[in-house]
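See structure below.
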Amino acid sequence: MKEKLQYALRQVGKTFRFAPLSLLLLAVLWILREMVGPNTDDLLATLGISRPLYLLDTHLLTAGLTASTRGGALLATLGILAFALPAERVLGTRRFALVALASYAIATPLGVVLAAPIDSTGLNHWGTELLQDTFLSPSPWIFGTLAVASGAMPLLWRRRTRLILVTLATTLLLFTGTLSDVVAWIATIGGILAGRLWFQGRTRPSMSVSLREGRILVTVIVIAASLGPVLAGLNPRAEGPFAAVTSFIWQPDISEDQAYFLCALDSSSRECTDAILMLQQSGFGSLLANLMPLILQVVIALGLMRGRRLAWWLSIAAQLVTMFAVLNQLYLLSDAPDGALLIINLLLIVAPWLLVTLLLILTRRLFAVRIDVSRLARGAGLVVGTWVLTAAAWLIGAMVLRGGFHTTATWALAFEELPNRFLPPALGQLYTYYLIPTTSATWALYSWVGVVFWLVTAYALYRLLMSVPNRSTAADQARAQQILESGTGDHLSWMTLWDNNQYWFAEDGYVAYRVHNGIAVTVGGPIVGAEGNRDEVADQFETFATSQGWQPAWYSVSADFAEERSSRGFQQVHVAEESILSTADTEFKGKKFQNIRTARNRAPKEGISTVWTTWEDAGPELREKIIELSEQWVSEKSLPEMGFTLGAVPELGIDGTKMLLAVGEDGTLHGITSWLPVYEKGHVVGYTLDVMRRNAEGFRPVIEYLLAEALLIAAAEGLQWISLSGAPLATSEVAESRGLLDVTLDKVGETMEPLYGFRSLAASKYKFHPEHHSWFLCYRDELSLPAIGLAVSSCYLPQLKAKDAMEAIRVWAASQREEETAS
Numbered sequence: 001m002k003e004k005l006q007y008a009l010r011q012v013g014k015t016f017r018f019a020p021l022s023l024l025l026l027a028v029l030w031i032l033r034e035m036v037g038p039n040t041d042d043l044l045a046t047l048g049i050s051r052p053l054y055l056l057d058t059h060l061l062t063a064g065l066t067a068s069t070r071g072g073a074l075l076a077t078l079g080i081l082a083f084a085l086p087a088e089r090v091l092g093t094r095r096f097a098l099v100a101l102a103s104y105a106i107a108t109p110l111g112v113v114l115a116a117p118i119d120s121t122g123l124n125h126w127g128t129e130l131l132q133d134t135f136l137s138p139s140p141w142i143f144g145t146l147a148v149a150s151g152a153m154p155l156l157w158r159r160r161t162r163l164i165l166v167t168l169a170t171t172l173l174l175f176t177g178t179l180s181d182v183v184a185w186i187a188t189i190g191g192i193l194a195g196r197l198w199f200q201g202r203t204r205p206s207m208s209v210s211l212r213e214g215r216i217l218v219t220v221i222v223i224a225a226s227l228g229p230v231l232a233g234l235n236p237r238a239e240g241p242f243a244a245v246t247s248f249i250w251q252p253d254i255s256e257d258q259a260y261f262l263c264a265l266d267s268s269s270r271e272c273t274d275a276i277l278m279l280q281q282s283g284f285g286s287l288l289a290n291l292m293p294l295i296l297q298v299v300i301a302l303g304l305m306r307g308r309r310l311a312w313w314l315s316i317a318a319q320l321v322t323m324f325a326v327l328n329q330l331y332l333l334s335d336a337p338d339g340a341l342l343i344i345n346l347l348l349i350v351a352p353w354l355l356v357t358l359l360l361i362l363t364r365r366l367f368a369v370r371i372d373v374s375r376l377a378r379g380a381g382l383v384v385g386t387w388v389l390t391a392a393a394w395l396i397g398a399m400v401l402r403g404g405f406h407t408t409a410t411w412a413l414a415f416e417e418l419p420n421r422f423l424p425p426a427l428g429q430l431y432t433y434y435l436i437p438t439t440s441a442t443w444a445l446y447s448w449v450g451v452v453f454w455l456v457t458a459y460a461l462y463r464l465l466m467s468v469p470n471r472s473t474a475a476d477q478a479r480a481q482q483i484l485e486s487g488t489g490d491h492l493s494w495m496t497l498w499d500n501n502q503y504w505f506a507e508d509g510y511v512a513y514r515v516h517n518g519i520a521v522t523v524g525g526p527i528v529g530a531e532g533n534r535d536e537v538a539d540q541f542e543t544f545a546t547s548q549g550w551q552p553a554w555y556s557v558s559a560d561f562a563e564e565r566s567s568r569g570f571q572q573v574h575v576a577e578e579s580i581l582s583t584a585d586t587e588f589k590g591k592k593f594q595n596i597r598t599a600r601n602r603a604p605k606e607g608i609s610t611v612w613t614t615w616e617d618a619g620p621e622l623r624e625k626i627i628e629l630s631e632q633w634v635s636e637k638s639l640p641e642m643g644f645t646l647g648a649v650p651e652l653g654i655d656g657t658k659m660l661l662a663v664g665e666d667g668t669l670h671g672i673t674s675w676l677p678v679y680e681k682g683h684v685v686g687y688t689l690d691v692m693r694r695n696a697e698g699f700r701p702v703i704e705y706l707l708a709e710a711l712l713i714a715a716a717e718g719l720q721w722i723s724l725s726g727a728p729l730a731t732s733e734v735a736e737s738r739g740l741l742d743v744t745l746d747k748v749g750e751t752m753e754p755l756y757g758f759r760s761l762a763a764s765k766y767k768f769h770p771e772h773h774s775w776f777l778c779y780r781d782e783l784s785l786p787a788i789g790l791a792v793s794s795c796y797l798p799q800l801k802a803k804d805a806m807e808a809i810r811v812w813a814a815s816q817r818e819e820e821t822a823s
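If you're matching positions, the sequence shown starts at 1 in our numbering and goes up one per residue.
The following block contains the structure:
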């Protein structure tokens with residue numbers, strides 16, 4: 001955590017150093033705000049623009065430099081720090097200035113002109129009256145510059161930035177509908193389009209994302225949508241469903257005596273309700289109470305980032321509750337339009353949460369991590385217990401302080417008031433007040449009972465969503481790792497420690513497997529401890545699988561294990577080709593290694609060196625670059641990221657996994673390889689290649705360079721060999737006798753080549769002239785082969801959607817047409 005904080009502070013420092021114009025504009029914003037103001041009307045009259053718009057109006061030169069209220073200036077400050085500063089760092093100061101000027105000059109007049117048709121259609125009924133609104137806001141250049149700059153960002157941050165901008169701008173537009181929101185939305189959409197044309201031309205953007213990034217993108221949208229009501233509440237000039245209540249934040253203070261006097265006359269009067277609402281909006285406790293929905297949403301979003309199914313359900317519930325609260329507030333507002341216009345306005349104002357709900361439903365498959373029932377029970381127990389204690393505190397406290405309320409408290413009134421104490425003050429118009437505090441002690445009780453409950457709930461939820469979801473699985477992984485590191489496994493055994501595997505343990509060994517379609521597909525062969533016997537463990541696992549109603553399928557096992565299984569009645573089929581490099585020959589002499597020598601010689605001349613490290617030791621800056629490069633690789637594939645025996649970013653973080661990176665003098669990451677330790681009798685004897693990523697714009701022969709350097713590192717550590725792993729469905733030579741199944745799998749390998757390039761990958765490894773070892777799939781019943789094929793496919797692509805399949809078919813068909821044209 002300390003390392004991450006230091007990295008974040010360094011990045012902030014760099015941003016401030018490279019963004020002088022943004023800081024200057026920030027200073028101008030506050031200077032104008034205080035010198036011309038602080039009266040809002042004076043600011044609007046002196047600097048703002050309104051309809052009718054004249055092109056020679058000198059206010060066009062000043063309307064984007066400050067905000068009309070202190071609340072608006074505070075929001076603009078946050079916007080400059082979060083949006084404009086990063087934009088200037090990406091674009092450079094000169095281009096930032098041009099983009100800021102263009103964003104303001106185009107979006108502002110366009111927004112003012114569009115105000116008329118928007119208002120005339122009646123589609124902004126609960127928003128500001130746009131025709132009467134005066135524009136004074138830096139929002140167009142704040143949103144517009146970052147929207148344009150997103151086009152120059154790496155793919156990872158381009159996606160995230162655009163999603164944040166579009167979601168936030170759309171939520172504010174539909175929820176509050178001020179003129180500045182209209183202008184900001186125009187600047188956002190226009191900026192994104194301009195950025196795409198400026199930096200990327202008309203290339204078709206890729207929609208493929210990894211599982212990890214898919215979760216992050218959904219989380220970004222959820223948080224951005226939940227920020228809308230909070231930002232609207234901080235803006236005293238914003239309209240919308242909650243404006244009738246949140247506007248009291250900015251009203252002049254009212255004393256408790258004044259409120260008591262108004263309520264003493266008539267506790268059910270509008271004046272009494274407004275007085276209580278005004279008092280409820282002041283103070284730190286009330287601020288926290290109003291922010292609790294956002295805090296809970298952020299906690300839930302953190303759970304979404306980790307793929308928790310509970311977070312998915314809670315997020316769905318949060319969207320429904322938000323829509324219910326918004327619609328109830330609208331119901332209380334007067335002069336609602338009739339008929340179809342009413343329905344359209346209602347749909348528009350809740351559209352952000354409707355769309356987020358739809359998004360969550362469509363991406364449900366990303367959030368499949370279930371939390372252990374015992375942990376759920378403990379978390380629920382803490383929440384329920386806290387509610388009982390805080391509810392008791394309210395009831396008992398109200399009776400002890402009964403004289404401190406308008407209408408002396410009774411048990412009946414305290415019970416009737418109880419539900420109100422757990423609702424945010426912003427929803428004050430939705431409920432009736434039964435007890436009105438008149439002393440400091442009763443106000444403290446009144447304000448803090450609900451806050452304490454929701455803070456404890458947020459804490460309990462955070463602990464629940466951030467914890468290890470299933471302790472038994474974590475314990476199994478730890479036990480498996482202990483057996484592996486003290487015993488013997490095959491070249492894929494380290495992959496048994498990855499997530500989503502199930503474990504069967506023998507007395508001194510284990511098998512990792514996954515079950516799909518009634519087939520127990522293993523991750524390689526059995527792993528045995530110091531005293532274990534591989535064949536006995538295999539026999540026992542087969543008995544266990546059969547007792548469960550499954551058929552065992554030994555996947556990617558060595559030739560000697562496959563031969564041994566054949567004596568037990570198993571058949572075998574070749575599924576992959578492993579490439580082995582011996583550390584006995586690391587000189588790369590001769591013509592056949594010329595490409596390897598060239599890569600090794602060029603790298604130092606171009607300022608490229610290797611870093612042998614782990615995920616933990618790499619540091620946050622390198623880790624972020626690894627994620628970006630991996631995401632770029634995924635975006636270029638027609639199918640989503642594979643799993644099972646093909647690792648990705650999450651697998652890099654497993655303790656014991658090594659990484660070899662190619663890094664330039666300027667910090668550019670040119671390539672990534674990861675290496676999995678292989679154990680025999682408790683000792684590491686070699687490494688197996690797993691993740692391999694190359695920067696398309698970097699050092700071209702980087703993979704050859706990294707593989708050669710890895711061999712040298714293994715030799716220096718006294719290891720016997722490194723494995724360049726297996727290329728699925730790729731062979732080094734044609735077998736003398738091939739059955740129908742072999743021919744079929746070979747054809748599958750051909751057709752998969754345009755989608756994943758397995759055979760091209762194998763060809764690149766052949767430059768090292770490795771020794772080839774075959775991997776096999778062992779099965780008993782030939783009639784089960786279709787089910788086994790589906791099971792293996794599900795292991796590799798559990799997240800495959802119909803859209804992905806259609807895209808794969810499109811790419812494959814294009815490749816087939818190219819082949820036909822070439823022939």
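Note that beta-carbon positions come from the ideal geometry of N, C-alpha and C, so glycine has one too. None of the values given here were measured: they were computed from a predicted structure.
Under a Cβ-count criterion, where at least 16 other Cβ atoms within 10 Å of its own Cβ denotes burial, should residue i be classed as buried or exposed?
i	result
Y513	buried
R94	exposed
I31	exposed
F284	exposed
H574	buried
R364	exposed
Q551	buried
N500	exposed
R471	exposed
A474	exposed
S609	exposed
From the DSSP output, in three-state form, read off residue i for me.
i	result
I343	helix
Q571	strand
V245	Summary for V245: the model assigns pLDDT 40, below 50, so the residue's position carries little reliability; its value from the coordinates is reported in the next sentence. Residue state, collapsed to three classes: helix.
T751	For T751, the pLDDT reaches just 47, beneath the cut-off of 50, and the residue's location in the model is therefore unreliable, although a value from the coordinates is still provided. In the structure shown, T751 sits in a helix (DSSP, three-state: H, G or I).
V557	strand
T408	coil
Y779	strand
M153	coil
P437	strand
F324	helix
T610	strand
To the nearest angstrom, how far is the alpha carbon of residue i from that of residue j?
i	j	result
L464	H670	39 angstroms
E621	Q297	28 angstroms
A67	L231	14 angstroms
E616	V521	31 angstroms
P20	A458	39 angstroms
T46	D133	14 angstroms
P424	V451	9 angstroms
P52	Q319	39 angstroms
T145	H491	51 angstroms
V99	L155	21 angstroms
A603	Y705	8 angstroms
L707	Y555	26 angstroms
S793	S374	33 angstroms
W454	F422	8 angstroms
Q477	A317	33 angstroms
Which residues does DSSP pair with residue i in a beta bridge?
i	result
W721	S582, G686
S774	E577
Jot down the residue ranges of each uninterrupted alpha helix (DSSP H) in the segment 472 to 551, minimum 4 residues, whole runs only, in chain order. Positions of the alpha helix (DSSP H) runs, each at least 4 residues long and wholly inside the segment 472 to 551, are given as 534 to 547 in order along the chain.
Ignoring anything shorter than 3 residues or poking outside the segment 637 to 678, list the beta strand (DSSP E) runs there in chain order. With a minimum length of 3 residues, the continuous beta strand (DSSP E) runs that stay inside the segment 637 to 678 are 658 to 664.
What alpha helix (DSSP H) runs, 4 residues minimum, are completely inside the segment 60 to 109? You should have 70 to 79, 85 to 91.
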